[in-house]
Amino acid sequence: MKICPRCQKTYSDEGLNFCLDDGTILTQSATVDQSLPATIFLNQTPPTNPNQPFGSQSGAPGGWNNPNQFSLQPPPKKSKTWIWILGILGGLMLLCGGSFAGFVYWAANIEKTNRTANKNYEFNYNVKSPTPIIRTGIQKIDLSKWVKGDTNLGVTEFKGGEFLMRSKNKGFYFVLASPAAYKTENATTRVTVRNVNEDDTSLGFGLIIHSSPVPLTQDYAFIIDSENKQYRIVRHSPQEEIPVEDWTRSSAIKDGTQKNVLEVRDENKKMNFYINGEFIKTINNTDGYIGGVTGLYSGDAVQIAFSDFEIAK
9 MKICPRCQKT YSDEGLNFCL DDGTILTQSA TVDQSLPATI FLNQTPPTNP
59 NQPFGSQSGA PGGWNNPNQF SLQPPPKKSK TWIWILGILG GLMLLCGGSF
109 AGFVYWAANI EKTNRTANKN YEFNYNVKSP TPIIRTGIQK IDLSKWVKGD
159 TNLGVTEFKG GEFLMRSKNK GFYFVLASPA AYKTENATTR VTVRNVNEDD
209 TSLGFGLIIH SSPVPLTQDY AFIIDSENKQ YRIVRHSPQE EIPVEDWTRS
259 SAIKDGTQKN VLEVRDENKK MNFYINGEFI KTINNTDGYI GGVTGLYSGD
309 AVQIAFSDFE IAK
């Protein structure tokens with residue numbers, strides 16, 4: 009028996025993976041150990057077949073020991089057709105004696121307006137560090153209980169006080185979501201991460217916040233690539249990873265195998281992001297799961313060590 013975590017509708021068809029009402033990924037209705045995280049694993053490699061439908065599923069139906077696996081097409085590139093149209097119009101203006109300088113200025117303003125609209129839609133750019141929030145109620149998350157061993161999708165182990173986690177294949181990301189007790193709303197969520205073998209990763213690794221109990225259906229992810237000293241912020245909806253902030257370089261990130269502390273301070277629908285105690289930016293929480301939990305993210309089969317995972321309220 010499967011159940012939709014959002015509308016609570018149940019289905020007896022074990023081959024069905026999505027709710028027929030709202031598209032949410034179904035979970036097994038059987039009771040599971042709440043001390044363990046939920047798991048999901050997605051592929052971000054562009055498909056070899058250009059006609060493959062978006063969100064096509066591969067592998068066996070999901071369950072507690074057999075998480076769902078998806079092959080996703082990358083988001084479509086923005087059309088540049090308007091550039092050709094403007095070029096043709098510019099040529100006509102020249103033939104008709106019009107001002108080409110005025111035309112170029114107009115075209116540049118269109119591009120500038122589009123970029124400004126895109127930036128303001130999802131987040132705001134705060135350059136001033138917000139007032140520190142004092143929170144003393146600390147919840148320590150015991151990562152030794154998150155070990156799932158070597159599965160067909162990912163590998164986890166606990167060694168030397170660190171939780172080691174990696175996806176099984178290059179081009180995939182592997183995500184764990186915490187039990188319901190670890191909510192991130194109006195809380196400070198913090199974890200220490202390091203790239204164990206200094207491996208390159210195009211997907212990165214990091215911290216999940218405001219997550220649905222079903223991983224990757226609704227959340228935000230704060231991700232870094234320590235080798236290139238850059239970070240990005242994304243959000244997830246079913247079968248889709250949506251950029252909020254593209255890869256951005258930051259001198260706050262330590263490279264090599266050094267440890268980096270990722271921290272998100274959530275307050276009144278605003279998320280303040282920090283790396284190693286240095287303020288990075290503020291983003292409005294418009295798409296997080298209400299009452300959402302924390303989690304971990306690791307991509308590209310790169311082994312990442314997580315430690316000192318905690319929530320302060």
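For the sequence shown, this note's numbering begins at 9 and goes up steadily by one.
Glycine is no exception: its CB is placed at the ideal position from the N, C-alpha and C atoms.
Notebook entry, point to check: Would you report the Cα separation of Trp-114 and Lys-277, rounded to the nearest angstrom?
Noted result: Reliability of the predicted coordinates at Trp-114 is poor, the pLDDT of 38 falling under 50, and the value obtained from them is presented with this limitation in mind. Separation of Trp-114 and Lys-277 (C-alpha to C-alpha, rounded to the nearest whole angstrom) is 37 Å.
Checklist line | Lys-267 in three-state terms, based on DSSP | finding: It is coil, neither helix nor strand.
Item checked: Own chain partners of Val-163 with C-beta closer than 6 Å, once the 5 adjacent residues on each side are dropped -> Leaving aside the five residues that flank Val-163 on each side, the residues in its chain whose CB is nearer than 6 Å to its CB run, in chain order, Arg-174.
Next item on the list: Would you grab the beta carbon distance between Asn-268 and Val-201 for me? Rounded to a whole angstrom, and I think it's under 8 Å.
Entry: Your pair Asn-268 and Val-201 checks out as a contact, with CB atoms roughly 6 Å apart and the cut at 8 Å.
Next item on the list: Starting from Pro-251, follow the beta strand (DSSP E) in both directions and report where the run begins and ends.
Entry: 248-257 is the span of the beta strand (DSSP E), which, as asked, contains Pro-251.
Next item on the list: Below 8 Å CB to CB, which residues in the same chain sit around Thr-124 once its five sequence neighbours on both sides are set aside?
Entry: For Thr-124, the predicted model reports a pLDDT of 39, less than 50, meaning its position is unreliable; a value from the coordinates is still stated below. There are no such residues.
Margin query: Which residue wins for smallest C-alpha separation from Val-183, given the options Val-204, Phe-230, Thr-294, Tyr-19?
Written below: The candidate whose alpha carbon is nearest that of Val-183 is Phe-230.
Note to self: Cutting at 7 Å between CB atoms, please list the residues of its own chain near Asn-205, excluding the five before and the five after it.
What the structure shows: Taken in chain order, the residues that qualify are Gln-311.
Item checked: Coil, strand or helix - Leu-215 by DSSP -> In the displayed model, Leu-215 falls within a strand according to three-state DSSP.
Notebook entry, point to check: Once you ignore the five residues that flank Lys-85 on each side, which residues in its own chain have a CB closer than 7 Å to its CB?
Noted result: In this prediction, Lys-85 scores a pLDDT of 45, lower than 50, which makes its location untrustworthy; the coordinate-derived value is nonetheless stated afterwards. Taken in chain order, the list of residues that qualify is empty.
Margin query: Comparing C-alpha positions only, which one of Val-242, Lys-191, Tyr-239 sits nearest to Thr-145?
Written below: The sequence as given places Gly at residue 145; Thr does not occur at that position. Of Val-242, Lys-191, Tyr-239, the residue nearest in Cα terms is Lys-191.
Margin query: Do Leu-304 and Leu-215 count as a contact pair if the criterion is CB distance below 8 Å?
Written below: A contact, by the Cβ cut-off of 8 Å.
Next item on the list: Pick helix, strand or coil for Lys-156, following the three-state DSSP scheme.
Entry: The answer is coil: DSSP assigns Lys-156 none of H, G, I, E or B.
Next item on the list: Could you check if Arg-243 is buried or exposed, using at least 16 other CB atoms within 10 Å of its CB as the buried criterion?
Entry: Classification of Arg-243: buried, given that the 10 Å Cβ count is 16 or more.
Check: Which one or two residues does DSSP pair with Ile-141 in a beta bridge?
Finding: BP columns for Ile-141 are empty, so no partner.
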